[in-house]
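Q: Just dropping this structure here.
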Amino acid sequence: MTTTTLASSRLEELGDTGVDVVTGAFSYSGGAIAAELARRGRRVRTMTGHPQRAGGAPGLEVRPLDFDDLPGMVASLEGATTLYNTYWVRFAHGHSDHQRAVDNSRALFYAARRAGVQRIVHVSITNPSIASPFPYFRGKALVERALAETGVSYAVLRPAILFGGDGVLINNIAWLLRHVPVFAVGGRGTYRIRGIHIDDLASLAADAGSARDDTVIDAVGPDRPTFAELVRAIRAAVGSRALVVPVPGPLLPVLASSLGAVLHDVLLTSDEYGSMAANLADTNGPATGPTSLLAWITQNASSLGVTYANELDRHFRPPHRSR
């Protein structure tokens with residue numbers, strides 16, 4: 001009998017009566033997954049690097065997420081049936097980079113196996129590849145491989161971009177369109193973007209947690225607009241008069257960096273633009289989330305881009321330094 005079969009048999013014996021652990025339940029995707037599990041009557045525990053945020057989540061068990069403390073992670077995972085992992089870093093900053101995120105993820109999976117976790121649901125990215133020139137996508141592929149090597153039953157969800165809730169990307173495009181006279185699009189903007197609503201991702205994750213087979217799912221919605229079409233849809237929805245102009249691809253990250261310096265944030269890295277231009281935010285398979293990105297933009301036009309969502313404030317700066 002294989003390790004995966006043993007894990008599946010144990011899951012059936014447990015009858016899904018254990019604790020669900022979500023990494024980062026005070027963050028974007030982790031919060032949505034934790035909320036969905038709670039709606040389904042599950043007992044939820046989070047492992048987080050931001051325990052100071054626990055005051056806004058009554059009833060949620062809070063444990064530290066310290067990748068340098070293996071015994072502590074094992075203890076935090078004890079009694080858990082399923083681990084929902086949303087941990088990652090968007091870009092290198094300070095002591096965090098993609099290689100360290102790979103090493104941390106490997107340590108977390110090892111701790112989960114040591115603690116007797118029977119199922120891991122991991123949030124990855126569309127089109128990961130160990131041969132990718134982009135550290136984000138290469139790192140995600142290495143994490144997927146590390147997960148498969150644990151011998152624990154698993155599901156991998158691969159979203160491209162997320163929207164809905166307090167998401168950053170669509171909101172900040174809308175904010176820029178509301179505030180700048182010219183909006184630059186790299187190249188012709190013909191690369192496609194296939195987003196999934198955050199609640200659809202959470203539902204997929206919860207469903208995957210109750211399944212038994214090892215599986216990889218592209219977590220994508222029904223719409224596949226080009227980036228230029230996406231920008232124009234947001235522009236029309238928010239009533240912007242900004243000119244949308246193409247610029248040479250290599251120039252776009254430079255412009256984004258200059259604007260980011262003004263906003264004290266990271267708007268777009270060269271790797272993020274390069275991977276998007278290479279169509280890595282698109283897939284050809286069927287939709288696994290029902291919510292239309294373009295319809296959602298129209299329906300939420302009045303609130304999109306009203307305030308700016310600062311990525312560095314959310315993940316790296318202490319609250320008193322937020323701008």
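Residue numbering for the sequence shown follows our numbering, beginning at 1 and increasing consecutively.
Ideal Cβ placement from N, Cα and C applies to all residues, glycine included.
#1: Measure the alpha-carbon distance for leucine 176 versus phenylalanine 183 and round it to whole angstroms.
#2: Taking 8 Å as the cut-off, decide whether the C-beta atoms of arginine 40 and valine 19 are in contact.
#3: Cβ of serine 96 within 8 Å of Cβ of alanine 146?
#4: In three-state DSSP terms, what is histidine 320?
#5: Using DSSP's beta-bridge definition, name the partner residues of asparagine 172.
#6: Please go through the same chain and pick out, in chain order, the residues whose beta-carbon is closer than 6 Å to the beta-carbon of isoleucine 198, but skip the five residues on each side of it.
#7: Could you pull the start and end residues of the alpha helix (DSSP H) that asparagine 85 belongs to?
#8: Round the Cβ separation of lysine 140 and proline 128 to the nearest angstrom and send it over; I've been treating them as touching at under 8 Å.
#9: At which residue ranges does the stretch 118–175 contain complete alpha helix (DSSP H) runs of 4 or more residues, listed in the order of the chain?
#10: Which of the three DSSP states, helix, strand or coil, is assigned to arginine 212?
#11: Where do the N-terminal and C-terminal ends of the beta strand (DSSP E) with phenylalanine 183 fall, by residue?
#12: Where does leucine 201 sit, in a helix, a strand or coil, going by DSSP?
#13: Decide if leucine 251 is buried, meaning its Cβ has at least 16 other Cβ atoms within 10 Å, or exposed.
#14: Would you give the residue range spanned by the beta strand (DSSP E) that leucine 243 belongs to?
#15: Could you name the residues of the same chain whose beta carbon sits closer than 7 Å to that of histidine 50, not counting the 5 residues immediately before and after it, in chain order?
#16: Can you round the beta-carbon distance between threonine 283 and arginine 194 to whole angstroms, since I take them to be within the 8 Å contact cut?
#17: So, helix, strand or coil for aspartate 218, using DSSP?
#18: The alpha helix (DSSP H) with proline 253 in it runs from where to where?
#19: Do you know offhand how far valine 117's Cα is from valine 262's?
#20: DSSP on valine 21, reduced to helix/strand/coil?
#21: So arginine 39 is in the alpha helix (DSSP H); what residue range does that whole segment cover?
#22: Would you call the CB atoms of isoleucine 125 and phenylalanine 109 closer than 8 Å?
#23: Measuring straight from C-alpha to C-alpha, what distance separates valine 231 and glycine 189?
#24: Between the alpha carbons of phenylalanine 134 and asparagine 279, how many angstroms are there, rounded?
A: On the basis of the supplied data:
#1: 7 Å
#2: no
#3: no
#4: Caution applies to histidine 320, whose pLDDT of 43 falls short of 50 and renders its modelled position unreliable; the value that the coordinates give is listed next. The answer is helix: DSSP assigns histidine 320 an H, G or I state.
#5: The partner list for asparagine 172 (beta bridge, DSSP) is empty, contrary to what the question assumes.
#6: Within the same chain, and ignoring the five residues on either side of isoleucine 198 in sequence, the residues whose Cβ sits closer than 6 Å to its Cβ are Ala32, Leu162, Gly164, Gly165.
#7: Per DSSP, asparagine 85 belongs to no alpha helix (DSSP H); it is in the beta strand (DSSP E), 80–85.
#8: Lysine 140 to proline 128, Cβ: 4 Å. Contact.
#9: 135–149
#10: coil
#11: 182–186
#12: helix
#13: exposed
#14: 243–247
#15: Phe26
#16: 6 Å
#17: strand
#18: Run containing proline 253: 251–263, per the alpha helix (DSSP H) assignment.
#19: 45 Å
#20: Look at valine 21 here: in three-state DSSP terms it is strand.
#21: 28–39
#22: no
#23: Going from the Cα of valine 231 to the Cα of glycine 189 covers about 9 Å.
#24: 13 Å
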